[in-house]
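S.K.: Submitted below is the structure of interest, expressed as structure tokens.
Protein chains: 2
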Amino acid sequence: MSEKSLVVTAPNWPSKFADRVKYMGESPIRALMKFLGDPTIISFAGGLPSPNTFPKWEILVAFMQILSDPKRVISALQYGPTEGYRPLREQLAEKVGRYGVPATADNILLTCGSQQALYLIGKIFIDENTIVCTERPTYLGAVQAYDSHGAKYCTVPMDENGMIVDQLPKVIETYHPKFIYAIPNFHNPGGVCMSLERRIKLVEIAEKYDLFIVEDDPYGDLRFEGEHITPIISLAKERTINLGTFSKTLSPGLRTGWVVAPEKLIPELAKAKQGADLFSSLLLQMAVSAILESGILPEHVKKSRALYSERRDAMLSTLDKYMPKEVTWTHPEGGLFLWLTVPEKINVREFFETARKEGVAFIPGYGFYPREVSPEGELLPERPEANATMRLNFSAETPERIKEGIEKLAGLIVVELAK
Amino acid sequence: MSEKSLVVTAPNWPSKFADRVKYMGESPIRALMKFLGDPTIISFAGGLPSPNTFPKWEILVAFMQILSDPKRVISALQYGPTEGYRPLREQLAEKVGRYGVPATADNILLTCGSQQALYLIGKIFIDENTIVCTERPTYLGAVQAYDSHGAKYCTVPMDENGMIVDQLPKVIETYHPKFIYAIPNFHNPGGVCMSLERRIKLVEIAEKYDLFIVEDDPYGDLRFEGEHITPIISLAKERTINLGTFSKTLSPGLRTGWVVAPEKLIPELAKAKQGADLFSSLLLQMAVSAILESGILPEHVKKSRALYSERRDAMLSTLDKYMPKEVTWTHPEGGLFLWLTVPEKINVREFFETARKEGVAFIPGYGFYPREVSPEGELLPERPEANATMRLNFSAETPERIKEGIEKLAGLIVVELAK
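This is the structure in structure tokens:
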């Protein structure tokens, strides 16, 4: 038999796939984001930080320092520990400690953005059909990570004070979730914060029902106004896994997020990470560490807050001015998003296409609703509000374009309502 | 209820874990690698490329170019596509094409090292108890990645021409594996190459039994002597997933590996990666791209080959000189490792401790044996050869230290055999 006469056919690939592939969804955002680069469209669709906020110079300096230092460059380019660069873990422990997060280098694991942290949590806690309790709506990246391990969901709605925790006990008694996933600060997509009172109640409930809490906090640093609220992990150190990231305060391209968890969990998370990608680049982690060391971060974040705050104000004031009365939206004190609700008469899925053709983009709400099940485990139909809501991002466009885009969007909604 | 009076206890964490945690092993290498930094120990244990081979200057230049370019710096620091930086995928298609790997940008996915590629393949193909057929011994990083998805294994032994494919049909008929995982070039840990004749036979067998092949090729670039052998993927494009990495030719810290796969699989792998970590740093991928663009890689790899070749020669000649006749080892034409077999009288697990105390380290063979099952699915006991073998790495120490270490090791083996 020679090379030339080999006959090789293609397998029927789908028949080879693992069972879990059937519930591994693609992010619905992703398909919508394709036109993000189109300058003729005013986009409220993304979740991207403004490139204006990247501390480009400081990042350049950090990389030059590391790569030109004969000793550091070797560590930066060699294999590294799965848990991450220890000096950065030490710096982080101090940084998050100032916000009330109880951490030492030993209960921090560095990850490739928050997404990897969400994924690893799924990996070690979620079996097929494990129920996760989330806010409604919730972050779709978390849902995508959990889905890939076979999660199903039960949900609790939010109001302007975040998750309505009074509804939790009944949901827990009905669905027996394994843990509660919450985004207490500047919720994505909700745009609201969970009040301290509710955080305390949430912790009491978690204790009573022996659940743990995943506290996802990518935006905590981006508070424009109001008072810092005690993190859940500082109320329930033993029952909370807290996630953070530098994606919104330095740059997503540095791919540096972290988990603060009870120390017992770190080896399990590290094992999961080791199988998944062995380790994250020490070069990137050392660059982040050098930037923290330089002390520029607080001033830098302050500038980002000012920039985003101005853009949020532009969005809120234009919404106030032009939106019909039947439309409501949240008033975020920080973060990147607000959540807008229209009368159910408008089908936002279809309206999205109309708006896009007119040069305005957003993310339709349905993408943020995880697939809920009945107490018997049957998939429930989509909630009506999933088609009457949208997420608006205010970080990526200038105030002028935000005003123009919201005025246009309001006009289109007026037309839809008049139909 | 106030913050102060909250009583929060720790959950019984293990009772919360997903079922898969029980088969998520830690790498046995990892525990052994702790003393790697100890300069008093001559270590043949690692799998690290020599830091002397990192093109530090070129990497510094690449990062400076990207980070000081007003346009490129924005892409480098922003969110990026899950499939990876397209220009690098195009460059790669050309690069691997020269080795006979049929690729275009559209059937390449960039990954965080080869480890992530192995993991994603497990994610989309391996269910609990899916059987994977591997060479015996095999790469433990692959086993760790597959294990975490619930794989079990059947194996085929190797000789100096790689996997003894004549034994494959019987193994396949007995165990019905889903795919064959092979490291055809400079096997880790085996140190051998699969001959072209066997590659052709392997493809025939894969076609006959409708299996696919995962061709893991991290060392292909590091051939010191002999002729390049046609890659399996070029014989069976439709049935092969081919993996590569820059970890051994540029630097592991750049975390850039890749998958070449039938185009249909790329969206599935990308979905899996999206859930796992969203995307890999474009900054790192753009730096790799700039280095490829600069054209230094071929000359650079040539230098690495010369360095490793000299070290391999030092190891082989010292083994020839001092090892007792009952000891055998492979003669690698490239890569980083050779595989040494001692009489079963020596328990290598215990001997490892003896050698370490005397200042020489290696990896005992047992770490490279995946857990095999009987045809009925029962876990089989460890093979006797797992305790009579060891992997020796020749890339990390200087020729002088290699000679010293091997002489010492040989002396210790002589003592053991005389016992």
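Chains A and B, in that order, are what the protein sequence lines are. Residues in the first sequence are numbered from 1 upward in steps of one, following the working numbering. Residues in the second sequence are numbered from 1001 upward in steps of one, following the working numbering. Note that CB positions come from ideal geometry on N, CA and C, so glycine has one too.
Closer than 8 Å, Cβ to Cβ, to anything on chain A: give me those residues from the stretch 1003 to 1017 of chain B, in chain order.
M.R.: Taking 8 Å as the Cβ-Cβ cut-off against chain A, the residues of the stretch 1003 to 1017 of chain B that qualify are Glu1003, Leu1006, Val1007, Val1008, Thr1009, Ala1010, Pro1011, Trp1013, Lys1016, Phe1017.
S.K.: Could you give the first and the last residue of the continuous alpha helix (DSSP H) run that contains Glu1204 (chain B)?
M.R.: It spans 1196 to 1208 - the alpha helix (DSSP H) in which Glu1204 (chain B) sits, taken as one unbroken run.
S.K.: Show which residues of chain A have a CB atom less than 7 Å away from the CB atom of Tyr1079 (chain B).
M.R.: Per Cβ cutoff of 7 Å: Leu48, Pro252.
S.K.: Measuring only the C-alpha atoms, how far is Tyr1322 (chain B) from Leu1392 (chain B)?
M.R.: Cα-Cα distance, rounded: 15 Å.
S.K.: If we cut at 8 Å on Cβ distances, does Glu1268 (chain B) have a partner in chain A?
M.R.: Yes, because at least one Cβ of chain A sits closer than 8 Å to the Cβ of Glu1268 (chain B).
S.K.: So, at 6 Å on beta carbons, what are the nonlocal neighbours of Lys1237 (chain B) in its own chain, with the 5 sequence-adjacent residues on each side left out?
M.R.: Result list for Lys1237 (chain B): Pro1102, in chain order.
S.K.: Taking 8 Å as the threshold (beta carbon to beta carbon), is Pro157 (chain A) in contact with chain B?
M.R.: No, because no Cβ of chain B sits closer than 8 Å to the Cβ of Pro157 (chain A).
S.K.: With DSSP as the reference, label Phe956 (chain B) as helix, strand or coil.
M.R.: Absent from the model: residue 956 (chain B). The displayed extent of chain B is 1001 to 1419, so no value can be given.
S.K.: Using a Cβ-Cβ distance under 8 Å, would Tyr369 (chain A) count as near chain B?
M.R.: No, because no Cβ of chain B sits closer than 8 Å to the Cβ of Tyr369 (chain A).
S.K.: Does any CB atom of chain B fall closer than 8 Å to the CB of Tyr119 (chain A)?
M.R.: By this cut-off, Tyr119 (chain A) is an interface position.
S.K.: Looking at the C-beta of Val1348 (chain B), does it have a partner C-beta in chain A at a distance below 8 Å?
M.R.: No, its Cβ sits nowhere closer than 8 Å to a Cβ of chain A.
S.K.: Under three-state DSSP, which class holds Ile1180 (chain B)?
M.R.: Note: Ile1180 (chain B) maps to strand in three-state DSSP.
S.K.: Suppose you measure from the CA of Asn52 (chain A) to the CA of Tyr308 (chain A); what does that come to, to the nearest Å?
M.R.: If I take the Cα positions, the gap works out to 11 Å.
S.K.: Roughly how many angstroms separate the alpha carbons of Thr104 (chain A) and Pro218 (chain A), rounded to a whole number?
M.R.: The straight-line gap from Cα to Cα measures roughly 19 Å.
S.K.: Arg255 (chain A) CB to nearest chain B CB: under 8 Å?
M.R.: Chain B, which has a Cβ nearer than 8 Å to the Cβ of Arg255 (chain A), makes this yes.
S.K.: Give me the Cβ distance between Ala1151 (chain B) and Leu1118 (chain B), rounded to the nearest whole Å; I'm assuming they're in contact under 8 Å.
M.R.: The Cβ separation is near 11 Å, so there is no contact.
S.K.: Enumerate in chain order the residues of its own chain whose CB-to-CB distance from Arg401 (chain A) is below 7 Å, with the five nearest sequence positions on each side excluded.
M.R.: Correct list, in chain order: Ile42.
S.K.: With which residues is Pro1364 (chain B) paired in a DSSP beta bridge?
M.R.: BP columns for Pro1364 (chain B) point to B:Met1390.
S.K.: Would a C-beta distance cut-off of 8 Å place Phe1368 (chain B) and Arg1312 (chain B) closer than the cut-off?
M.R.: Not in contact: Phe1368 (chain B) and Arg1312 (chain B) (Cβ atoms no closer than 8 Å).
S.K.: Taking CB distances under 8 Å as the criterion, tell me whether Ile1180 (chain B) reaches chain A.
M.R.: Not an interface residue.
S.K.: With a threshold of 8 Å between beta carbons, is Asp1210 (chain B) in contact with chain A?
M.R.: It does; some Cβ of chain A falls within 8 Å.
S.K.: Taking one C-beta from the stretch 194 to 209 of chain A and one from the stretch 62 to 69 of chain A each time, how about it: are there three or more such pairs within less than 8 Å?
M.R.: Cβ pair count under 8 Å is below three, so no.
S.K.: Verify whether the separation of the beta carbon atoms of Leu406 (chain A) and Ile346 (chain A) is less than 8 Å.
M.R.: Checking the sequence, you will find Ile at residue 406 (chain A) rather than Leu. Not a contact, by the Cβ cut-off of 8 Å.
S.K.: Name the chain B residues that come within less than 9 Å of Ile239 (chain A), Cβ to Cβ?
M.R.: Rather than Ile, the amino acid found at residue 239 (chain A) in this sequence is Arg. Those within 9 Å of Arg239 (chain A) in chain B are Val1008, Thr1009, Ala1010, Pro1011.
S.K.: Compare the C-beta of Leu265 (chain A) against all C-beta atoms of chain B and say whether one is closer than 8 Å.
M.R.: Interface residue, yes.
S.K.: Of the choices A:Tyr23, A:Asn107, A:Thr138, A:Leu292, whose alpha-carbon is the least far from that of Leu379 (chain A)?
M.R.: Ranking the options by Cα distance to Leu379 (chain A), first place goes to A:Tyr23.
S.K.: Please give the ranges of any alpha helix (DSSP H) in the stretch 92 to 174 of chain A, keeping only runs that are unbroken, at least 4 residues long and fully inside the region.
M.R.: Listed in chain order, they are 113 to 125, 140 to 147.
S.K.: Please list the residues of the stretch 1280 to 1291 of chain B that have a C-beta atom closer than 8 Å to any C-beta atom in chain A, keeping them in chain order.
M.R.: The residues in question are Ser1280, Ser1281, Leu1282, Leu1283, Leu1284.
S.K.: Whose C-beta lies closer than 8 Å to the C-beta of Glu397 (chain A) among residues of the same chain, with five residues either side of it excluded?
M.R.: These residues qualify, in order along the chain: Ile42, Ser43, Phe44, Arg311, Gly405.
S.K.: Kindly confirm or deny that the stretch 1055 to 1063 of chain B and the stretch 1275 to 1293 of chain B touch, where touching means at least three C-beta pairs closer than 8 Å.
M.R.: Yes, since at least three Cβ pairs between the stretch 1055 to 1063 of chain B and the stretch 1275 to 1293 of chain B fall closer than 8 Å, the two stretches touch.
S.K.: Could you spell out the range, first to last residue, of the alpha helix (DSSP H) harbouring Leu1235 (chain B)?
M.R.: Counting along the chain, the alpha helix (DSSP H) containing Leu1235 (chain B) begins and ends at 1232 to 1235.
S.K.: So, does the CB of Glu293 (chain A) fall closer than 8 Å to a CB anywhere in chain B?
M.R.: No - not a single Cβ of chain B is within 8 Å of the one on Glu293 (chain A).
S.K.: Output the distance between the C-alpha atoms of Leu120 (chain A) and Ile1241 (chain B), rounded to the nearest integer angstrom.
M.R.: For Leu120 (chain A) and Ile1241 (chain B), the distance between alpha carbons rounds to 25 Å.
S.K.: Buried or exposed for Asn1129 (chain B), please, with buried defined as at least 16 other CB atoms from any protein chain shown within 10 angstroms of its CB.
M.R.: Exposed, by the Cβ-count rule.
S.K.: Considering only residues of the stretch 62 to 92 of chain A, which uninterrupted alpha helix (DSSP H) runs meet the minimum length of 4 residues and lie entirely inside it, listed in chain order?
M.R.: DSSP runs (the alpha helix (DSSP H)) wholly in the stretch 62 to 92 of chain A: 72 to 77.
S.K.: In the DSSP assignment, the beta strand (DSSP E) including Thr1240 (chain B) goes from what residue to what residue?
M.R.: 1240 to 1245 is the span of the beta strand (DSSP E), which, as asked, contains Thr1240 (chain B).
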